[in-house]
Amino acid sequence: MSAPSPVPVPDRVVVHPGPALLAGLESGPWLPAHRARFGPLPDVSLDDLLDRVARVGVAGRGGAAFPFATKLATAARGRRPVVVVNLAEGEPASAKDTALALTRPHLVLDGAVATARALRAREVHVVLPGERPRTSVAVLRALDERRDPVRVRVHTASPTFVAGQARAVLELMAGRPDLPVTAWQPEAVAGHAGRPTLLSNAETWAHVAHLLLAGDPLRAGLGTTAEPGTTLLTISREGALPEVREVAHGTPWRDVLADVPDRPAAALVGGFHGTWASWDHLERMRVSRAAMRAEGMPLGAGIVHVPAPTTCPLALTADVLAYLADQSARRCGPCLNGLPALAAEVRGLVAGRDGTRRVERLAALVDGRGACAHPDGTVRLVRSALAVLGDEVEAHRSGQCATRSLREVTW
Amino acid sequence: MSHALRVDWPSCHARGLCHELLPEVVDLDEWGYPLVTGEVTEALLADARAAVRACPRLALRLVEAPPR
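Sequences listed follow chains A and B, in order. For the record, in the first sequence the residue sitting at position 242 is 232 according to our numbering, with numbers rising by one throughout. Counting the second sequence from 1 gives a position; our numbering is that position plus 186.
Following this line, the structure appears as structure tokens:
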């Protein structure tokens, strides 16, 4: 029996106009409008590209926020590299890469093509999300409009949570099942066919392109000196279409969330692999990866999931855990055994059992013991539930629910 | 140079030989999978190499950097 995602995978999304990547949405996603807006894609040397991405601190937007300049420099060091555009957004609560594919596909592709040229790479691989057909169609249509000086190869990932993980993507490109395998070296050192492989998320490529086409975001007044530029956010609200917004770093969360009509006690920051944060805490913060990491709520891939005020966050955590356990690739023992056990224990907390010590023990047994970050991310969510939803855990233990009275709830 | 054991998790099938051969560094979790509990010191290096060779799934590696 498979557990469904508690948040449906979005194939439709509300995209708000933004200050950089999402500016000028009214002109549509087509290549002539894109070129009219930005001009031709400039030829950029590797040194120039390295210098520019390092200066504005472009970081990976798949969730890990790894510095792009470091990856680029590493990939440039060995044999002829391969460039990969990763659009496989396995996280159901995320819609930003879908938004880019639907509205700004040429920005994503320009970033990868310009970088491939600077690296003298011959191949750009584009990996599409199997569970989001409209996203795939939008990217294929955009590719049809282009004549690029590199070979473009398209792959479609399996519709699973872990299919977008870097090593799973490399497995897919190699013609094997797209499940995570152990990485003995970073893919920028040895990736596809043993070649240095520069694999980045769609949003990362769009930022690279915007930097080359429109210049330094700080000069346009976007972002802070510590974190120049903008970031894409998905505001996923229970019972509504996900909304994608582009905001400058440093924007208060209070402003970002001003439109949310019904405020719950806590929101899920960073998605299913993220952390619970109390609404008040989140509203006191600004959109800053560094500040949010320091407060124990890393922004990850830029998701904030807002449950309905009547949804019990502990019960939602249990549903998410059941889904994440089901999405294990079932290859690594601690994940295969530990995630279902964790899911059952968290379900037990909802039912009022006193299982927090067992939950903590299982979390320690799972953390860091897998080929990919699936167990680590799952543990992050569980630990934040214990830390932030303590009142709710306590209430359930005495047969209540702090969010709504227990008899109304069905689980 | 200190050494550390790393497990290739998808390959490991909880056969437990690593724990038999190197109990100083390898414990087993409640499902029988290895829990690497510490670094491999110089004194244990030969035993660690034996454990790596003996793994029937070839799921154990000795790496020179400390674990991540």
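Glycine is no exception: its CB is placed at the ideal position from the N, C-alpha and C atoms. Being a predicted model, the structure only gives us computed values, none of them experimental.
Reduced DSSP secondary structure (H/G/I, E/B, other) of PRO218(A): strand
Within-8 Å CB hit, CYS302(A) to chain B: no
Rounded distance between the beta-carbons of GLY290(A) and GLY264(A), thought under 8 Å: 5 Å
VAL250(A) beta carbon less than 8 Å from that of ARG227(A): yes
Short CB-CB distance (under 8 Å) between CYS198(B) and chain A: yes
Length of the line joining the Cα atoms of ARG254(B) and TRP174(A): With a pLDDT of 48 at ARG254(B), under the threshold of 50, the modelled position of that residue is not reliable, and the figure given next carries that caveat. If you take the alpha carbons of ARG254(B) and TRP174(A), they lie about 11 Å apart.
Cβ contact (3+ pairs, closer than 8 Å) linking the segment 317 to 325 of chain A and the segment 113 to 132 of chain A: no
Sub-8 Å separation of CYS302(A) and CYS362(A) beta-carbons: no
Through-space distance from GLY18(A) to VAL383(A), alpha-carbon basis: 48 Å
Residues near THR400(A) in its chain [Cβ-Cβ closer than 7 Å; skip 5 each side]: For THR400(A), the pLDDT reaches just 49, beneath the cut-off of 50, and the residue's location in the model is therefore unreliable, leaving the point undetermined.
Chain B within 8 Å of VAL369(A), Cβ atoms only: no
Integer Cβ distance of SER374(A) from TRP269(A), believed to fall under 8 Å: 14 Å between Cβ atoms; not a contact.
Cβ-based burial, MET(-9)(A) [other Cβ within 10 Å; buried from 16]: Confidence at MET(-9)(A) is low in this model, with a pLDDT of 48, below 50, so the placement of that residue should be treated as unreliable; the coordinate-derived value is given next. The residue is exposed, with fewer than 16 neighbouring Cβ atoms inside 10 Å.
Any C-beta of chain A under 8 Å from that of ASP215(B): yes
Cβ-based burial, PRO7(A) [other Cβ within 10 Å; buried from 16]: exposed
Cβ neighbour criterion (16 or more within 10 Å) applied to HIS199(B): exposed
Counted within 10 angstroms of its Cβ, other Cβ atoms place ARG343(A) as buried (16 or more) or exposed: exposed
Inter-residue spacing [alpha-carbon to alpha-carbon] between ALA180(A) and GLY260(A): 29 Å
Interface flag, THR400(A) vs chain B, CB-CB below 8 Å: Confidence at THR400(A) is low in this model, with a pLDDT of 49, below 50, so the placement of that residue should be treated as unreliable; the coordinate-derived value is given next. It does not: the Cβ of THR400(A) has no partner Cβ on chain B nearer than 8 Å.
Rounded Cβ spacing between LEU77(A) and LEU11(A) (contact assumed at less than 8 Å): Contact flag wrong, Cβ pair sits at about 15 Å.
Where LEU396(A) sits in the DSSP three-state scheme: Confidence at LEU396(A) is low in this model, with a pLDDT of 43, below 50, so its placement is unreliable and the value that follows should be read with caution. Here LEU396(A) sits in helix by DSSP.
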